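Peer 1: Take a look at the following structure, please.
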Amino acid sequence: MWVLLLAYLAAFGDATILGSEESFDEKLQDGFDLLRSDPNAYDTMEFRRRAHEMQQRTYTDYEEPSEEVAKAMELYAESIRGHEGAFVEDVNSDEKVGIALFQGDMMLSKAQADEILEDMHVNMGRRRKRQAYYDHKYPATLWSNGINYAFWNASNPARRVFTKATKIWSEDTCLEFREDNSATDKVWVTDGAGCWSHVGRLGGTQFMSLGDGCGYIGLGLHELGHTIGLWHTQSRHDRDDFISMRWENLMYDWHDQFGKETESTNYNYNITYDYGTVMHYSAVSPHLSANGQPYMIPHDNKFLPTLGSYILSFYEKLMVNLHYKCLDKCPKESFDKCANGGFPHPRDCSKCVCPSGYGGRLCKQRPPGCGKELTATDEWQEFQDTVGQENYDRYAANDEFLFCNYWIKAPRGRKIEVIFKNYSADNLGVGGCQWAGVEIKTLKDKRHTGYRFCSAEYIGTSFVLPADALKNPGKSVRMAGSLIQETAQGAYVTADMEGRCAIKDYLGALKN
């Protein structure tokens, strides 16, 4: 049996609410003025106005967090305090457009806005949209003939990030992207105000904005995900089974922006909730938090630093392949050949798309590159690793991640314990560990993103392979590990303190 370890580099009173309305209307109008060149900007603004009014009518008090949750929130807030990340929520707040967009970064057509408002009325403020856009017009909302795009007054960073994002989204799906400014159906990529997109194919010309502050690969992947047809992960109908919203920590003007779906006609393709998707917002944005504390708390609070990822997750690849029926051409036997939760590659059914930490044609091997297979013993062992560029530049035009993968093996019937022993970094503790970090996978589901850490505040955190993953006594148990680092915004990760940019990173003391 295999298990995966990935190492990867105040409550508001009623007076406050009533007093904020003039400010909300003014900010909404200001945002619309910056977006008005898009034909759907007015309908999106009017949707936001009506949704906000509905939110006022459903206002309630909040319960105090448990002691455990309060400690987890404070630890996470301390781990990111003063550190610089790049999140779409922050960029669009800086650009003053987030409040005039659906959930902070989506432009809605009138039909979409009307449908969501109707659902909110029927379901008392809860939406029934799906993570994958699957309404009564489906499959017309799919880009069945490929996604055509053209650049219109786009900056060099916007061109770079968009082009890179198309390659990543197409690599393990059947999606085709073509630059064609003469196509009838196309996306104009422009250097507008903020980072935003429409959802799915509208028909005709539609826009995606990658303006100032959007020149990061994670933001490009996120906005292109909307264009492909994905909503936000945190708005899924089953969110409350995985996330607790701390509404008292969220600016009131944004409460309706974090509405969740209902199960009715929901299409998540039976894919579980994953904290590590690029379509998931971070646990806290400095611009949206009312008090500096996180407002989204995973039920397993060790996942707090995982929210806000820049790395396309395995489950997102699977969802898009199912949404676009990419796998229909692969014979059933090709699915049976893929190990460790992989699925047939839509461009070559003889090989598999593998969860992170697994490789080879059939997902039975450790991925190529640095790392190795380790054997846990009764005695504690330390292992260390180095990855990245010694003279790194966080703002350089480089959007690649480097991965080191470790598999840890134990005798049958034994557990594996891993301790995050030491880690020091200079301002790398941000949501999703965007620049560098350690990801540890111990879940039974090998396809799920693991726990990510990128700050010294989490030193001493312990992980144990769950007992229910050890039911097969005939096989050794392995945990796979990967240290991931983005060379553009990351830092030099090494086993000692030599060098100006050094990070001491002891990936764990292992024992079975």
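Numbers -15 to -1, 1 to 497, taken from mature numbering (1 follows the signal peptide of the UniProt record, and there is no 0), label the letters of the sequence shown in order. C-beta atoms are modelled at their ideal positions from N, C-alpha and C, and glycine is treated no differently. Being a predicted model, the structure only gives us computed values, none of them experimental.
Leaving aside the five residues before and after E483 along the sequence, list all residues of the same chain whose C-beta is less than 7 Å from its C-beta, in chain order.
Peer 2: Here residue 483 refers to the residue found at position 498 of the sequence shown. The pLDDT assigned to E483 is 21, lower than 50, so where the model puts this residue is not dependable, and the model offers no usable value.
Peer 1: Within the chosen definition, does the region 308 to 318 reach the region 432 to 448 through at least 3 CB pairs nearer than 8 Å?
Peer 2: Counting Cβ pairs under 8 Å, fewer than three are found: no touch.
Peer 1: Roughly how many whole angstroms lie between the Cα atoms of K56 and L289?
Peer 2: Stepping through the sequence shown from its first residue, residue 56 is reached at position 71. Stepping through the sequence shown from its first residue, residue 289 is reached at position 304. Each residue's Cα considered, the two are about 12 Å apart.
Peer 1: Ignore the nearest five residues each way along the sequence and tell me which others in R34's own chain have a CB closer than 8 Å to its CB.
Peer 2: In the sequence shown, the residue the question calls residue 34 occupies position 49. Hits under 8 Å: D10, L13.
Peer 1: Is it buried or exposed for S267, if we count other Cβ within 10 angstroms and need 16 for buried?
Peer 2: The residue given as residue 267 occupies position 282 in the sequence shown. The residue in question, S267, is buried, as its Cβ has 16 or more Cβ neighbours within 10 Å.
Peer 1: Grouping DSSP H, G and I as helix and E and B as strand, with all else coil, what is M39?
Peer 2: Translated into the one-based positions of the sequence shown, residue 39 becomes position 54. M39: helix per DSSP, three-state reduction.
Peer 1: Classify W128 as helix, strand or coil using the three-state DSSP reduction.
Peer 2: For this step, residue 128 is matched to residue 143 along the sequence shown. Of the three classes helix, strand and coil, the one that applies to W128 here is coil, per DSSP.
Peer 1: Among the residues of its own chain, which have a CB less than 6 Å from the CB of C326, if the five just before and after it don't count?
Peer 2: Counting from one through the sequence shown, the residue named residue 326 turns up at place 341. Looking at the sequence provided, one finds Gly at residue 326 rather than Cys. Within the same chain, G326 has close Cβ partners P340, K431, R432.
Peer 1: Starting from T190 and walking both ways along the beta strand (DSSP E), at which residues does that stretch end?
Peer 2: The residue you call residue 190 lines up with position 205 of the sequence shown. Looking at the DSSP string, the run of the beta strand (DSSP E) that includes T190 is 190 to 195.
Peer 1: In three-state terms, what does DSSP make of V146?
Peer 2: Within the sequence shown, residue 146 is the residue found at index 161, counting from 1. Here V146 sits in helix by DSSP.
Peer 1: So, F162 versus I202, is the Cβ gap smaller than 7 Å?
Peer 2: In the sequence shown, residue 162 corresponds to position 177, counting from 1. In the sequence shown, residue 202 corresponds to position 217, counting from 1. No; because the gap between Cβ atoms is not below 7 Å, this pair is not in contact.
Peer 1: For the region 156 to 171 against the region 227 to 244, do three or more pairs of beta-carbon atoms, one drawn from each stretch, fall closer than 8 Å, so that the two count as touching?
Peer 2: Contact fails: fewer than three Cβ-Cβ distances are below 8 Å.
Peer 1: Taking the CB atoms as reference points, tell me whether Y260 and T291 lie closer together than 7 Å.
Peer 2: Here residue 260 refers to the residue found at position 275 of the sequence shown. Here residue 291 refers to the residue found at position 306 of the sequence shown. Yes, Cβ-Cβ distance for Y260 and T291 is below 7 Å.
Peer 1: When burial is assigned at 16 or more other CB atoms within 10 Å of the CB, is S298 buried or exposed?
Peer 2: The sequence position of residue 298 within the sequence shown is 313, counting from 1. By the neighbour-count rule (16 or more Cβ atoms within 10 Å), S298 is buried.
Peer 1: On the criterion of 16 or more Cβ atoms from any shown chain inside 10 Å, does residue 523 qualify as buried, or is it exposed?
Peer 2: Any answer about residue 523 is impossible in this case: the structure gives the chain only from -15 up to 497.
Peer 1: Who are the Cβ neighbours of A452 in its own chain at under 8 Å, not counting the five residues just before and after it?
Peer 2: The sequence position of residue 452 within the sequence shown is 467, counting from 1. With a pLDDT of 46 at A452, under the threshold of 50, the modelled position of this residue cannot be trusted; read the value that follows with caution. Within the same chain, A452 has close Cβ partners K400.
Peer 1: Assuming G210 is part of the alpha helix (DSSP H), what are its boundary residues?
Peer 2: Residue numbering aside, residue 210 sits at position 225 when the sequence shown is read from its first letter. 202 to 213 is the extent of the alpha helix (DSSP H) around G210.
Peer 1: With which residues is S182 paired in a DSSP beta bridge?
Peer 2: For the purposes of this step, residue 182 is taken as residue 197 along the sequence shown, with counting starting at 1. Answer by DSSP bridge pairing, in chain order: M91, M193.
Peer 1: Which residue comes first and which comes last in the alpha helix (DSSP H) that contains F320?
Peer 2: Taking the sequence shown and counting its residues from 1, one reaches residue 320 at position 335. Counting along the chain, the alpha helix (DSSP H) containing F320 begins and ends at 317 to 322.
Peer 1: In its own chain, which residues sit with a C-beta less than 6 Å from the C-beta of C315, not counting the 5 before and 5 after it?
Peer 2: Along the sequence shown, one-based indexing puts residue 315 at 330. Excluding positions up to five away in sequence, the list reads P329, C334.
Peer 1: Between the C-alpha atoms of D15 and E74, what's the straight-line distance to the nearest angstrom?
Peer 2: As a first step, residue 15 must be located in the sequence shown, where it is residue number 30. As a first step, residue 74 must be located in the sequence shown, where it is residue number 89. Their backbone Cα atoms lie some 17 Å apart in a straight line.
Peer 1: Going by CA-CA distance only, name the one from G214, A324, S447 that's closest to P124.
Peer 2: Your numbering for residue 124 matches position 139 in the sequence shown. Ranking G214, A324, S447 by Cα distance to P124 puts G214 first.
Peer 1: One question on the structure: do M30 and A85 come within less than 7 Å of each other, judged by their Cβ atoms?
Peer 2: Translated into the one-based positions of the sequence shown, residue 30 becomes position 45. Translated into the one-based positions of the sequence shown, residue 85 becomes position 100. In contact: M30 and A85 (Cβ atoms closer than 7 Å).
Peer 1: Going by DSSP, which residues form a beta bridge with A135?
Peer 2: Taking the sequence shown and counting its residues from 1, one reaches residue 135 at position 150. BP columns for A135 point to W173.
Peer 1: Report the residue ranges of all alpha helix (DSSP H) runs contained in full by the region 233 to 318; include only those spanning at least 4 residues, in chain order.
Peer 2: List check, alpha helix (DSSP H) in window: 299 to 308.
Peer 1: Mind reading off the beta-carbon distance from H68 to V415? Whole number of angstroms is fine, and I expect it under 8 Å.
Peer 2: If you number the sequence shown from 1, residue 68 lands on position 83. If you number the sequence shown from 1, residue 415 lands on position 430. Right, the Cβ-Cβ distance comes to about 5 Å (below 8 Å), so this counts as a contact.
Peer 1: Going by Cα to Cα distance, which pick from F32, F448, D23 is closest to E103?
Peer 2: Position 118 of the sequence shown holds residue 103. For E103, the nearest C-alpha among the options comes from F32.
Peer 1: Start and end of the alpha helix (DSSP H) containing S447?
Peer 2: Counted from its first residue, the sequence shown places residue 447 at position 462. Not the alpha helix (DSSP H): S447 falls in the beta strand (DSSP E), residues 447 to 449.
Peer 1: Buried or exposed for Q419, please, with buried defined as at least 16 other CB atoms from any protein chain shown within 10 angstroms of its CB.
Peer 2: For the purposes of this step, residue 419 is identified with residue 434 of the sequence shown, where counting begins at 1. Buried, because 16 or more other Cβ atoms sit within 10 Å of the Cβ of Q419.
Peer 1: Just checking my contact of V82 with G179 at CB under 8 Å: how many whole Å lie between their CB atoms?
Peer 2: Translated into positions along the sequence shown, residue 82 becomes position 97. Translated into positions along the sequence shown, residue 179 becomes position 194. At roughly 4 Å, the Cβ-Cβ gap stays under 8 Å, so V82 and G179 are in contact.
Peer 1: Okay, do the region 316 to 324 and the region 273 to 281 touch, 3+ Cβ pairs below 8 Å being the bar?
Peer 2: Not touching, per the Cβ criterion.
Peer 1: Residues in the same chain with beta-carbon distance under 6 Å from G177, minus the five sequence neighbours each way, listed in chain order, please.
Peer 2: Taking the first residue of the sequence shown as position 1, residue 177 is located at position 192. The answer, listed in chain order, is S194, G196.
Peer 1: Name the residue from P396, G342, L359 whose alpha carbon lies nearest to the alpha carbon of F388.
Peer 2: The residue labelled residue 388 in the question sits at position 403 within the sequence shown. Cα-wise, what sits closest to F388 is G342.
Peer 1: A57 bridges to which residues according to DSSP?
Peer 2: For the purposes of this step, residue 57 is taken as the residue at position 72 of the sequence shown. Answer by DSSP bridge pairing: none, since A57 is not bridged.
Peer 1: Since I believe Y134 is in contact with E100 (beta carbons under 8 Å), could you give me their beta-carbon distance rounded to a whole number of angstroms?
Peer 2: Counting from 1 along the sequence shown, the entry for residue 100 is found at position 115. Counting from 1 along the sequence shown, the entry for residue 134 is found at position 149. That pair is no contact at about 26 Å.
Peer 1: Measuring only the C-alpha atoms, how far is A71 from D79?
Peer 2: If you number the sequence shown from 1, residue 71 lands on position 86. If you number the sequence shown from 1, residue 79 lands on position 94. About 11 Å.
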